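Residue numbers for the sequence shown follow the numbering used here, beginning at 1321 and rising by one. Yeah, the Cβ is synthetic: ideal placement off N, Cα and C, and Gly gets one too. Because the structure is a prediction, the values reported are computed rather than measured.
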Amino acid sequence: MSILGKLAEFLLELVAMPPVQAPQRVHVLLDPKFFKLNGATTVVQRDQRPYWQQRSWSRNGPAFYGYFRTQHGSWEGKAEQSPSGRLDLYIRDPPELLRFHHHWSCFSKQKHGWYSIHHTKMSDLSAEILAIETILMECHSHGDNSMSKAN
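Below, the structure written as structure tokens:
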């Protein structure tokens, strides 16, 4: 049998196959706090603690200590709060890939491996930590290309 004959036979078999049966019922929940698994509804509560506490930062007077964490690693960090509420952020020994990120100029070398971080002068530590972790994620997600060019 020729290839065209085999193709025609295959197409006829395909057309003759019964349609796939759709599920009897689809359950859609509009409230994202709930999900249904095996007939049981489970409530998912959002963590109400500030992000800095969720990330295990601790406070000692006007200073906060913790780690900037991503899937690529964690880097020691600290934040010092002035009486006016302004936060000064620092990161110790940031990853080399950060040098290729467009925000690298916001990091200034200090003593003992610490870098101060110039930022928008937010007074919300949670937002600051999240912003720095986002930059760290970005430098790693774009870093594969940057590192191959640098080496």
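(1) Below 8 Å on the Cβ atoms is my contact criterion, and I expect leucine 1375 with isoleucine 1452 to pass it. Report the Cβ-Cβ distance as a whole number of Å.
(2) Would phenylalanine 1384 and tryptophan 1377 be called neighbours here (beta carbons separated by less than 8 Å)?
(3) Would you identify the three-state DSSP class for serine 1376, choosing helix, strand or coil?
(4) Looking at the unbroken beta strand (DSSP E) that takes in serine 1394, where does it start and where does it end?
(5) What's the gap between the Cα of histidine 1438 and the Cα of glutamine 1430?
(6) If you follow the beta strand (DSSP E) that leucine 1409 is part of, which residue opens it and which one closes it?
(7) Can you tell me which of Tyr1371, Cys1426, Arg1412 and Pro1382 puts its alpha carbon nearest to the alpha carbon of alanine 1281?
(8) Which residues share a DSSP beta bridge with tyrosine 1385?
(9) Mind reading off the beta-carbon distance from cysteine 1459 to leucine 1417? Whole number of angstroms is fine, and I expect it under 8 Å.
(10) Take the Cβ of alanine 1399 as the centre, count every other Cβ of all protein chains shown within 10 Å, and call the residue buried at 16 or more, exposed below.
(11) Sort out for me which residues DSSP pairs serine 1428 with in a bridge.
(12) When the Cα atoms are used, what is the spatial distance from serine 1436 to phenylalanine 1388?
(13) Using the Cβ count rule (16 or more neighbours within 10 Å means buried), how would you classify leucine 1324?
(14) Bridge partners of threonine 1454, per DSSP?
According to the structure data:
(1) The identity of residue 1375 in the sequence shown is arginine, whereas the question assumes leucine. Actually they do not touch by this definition, with Cβ atoms about 11 Å apart.
(2) yes
(3) coil
(4) 1393-1401
(5) 12 Å
(6) 1407-1412
(7) Lying outside 1321 to 1471, the shown extent of the chain, residue 1281 is not represented and no answer is given.
(8) Ser1378 and Lys1398
(9) 4 Å
(10) buried
(11) Ser1436
(12) 14 Å
(13) exposed
(14) Threonine 1454 is not bridged to any residue.
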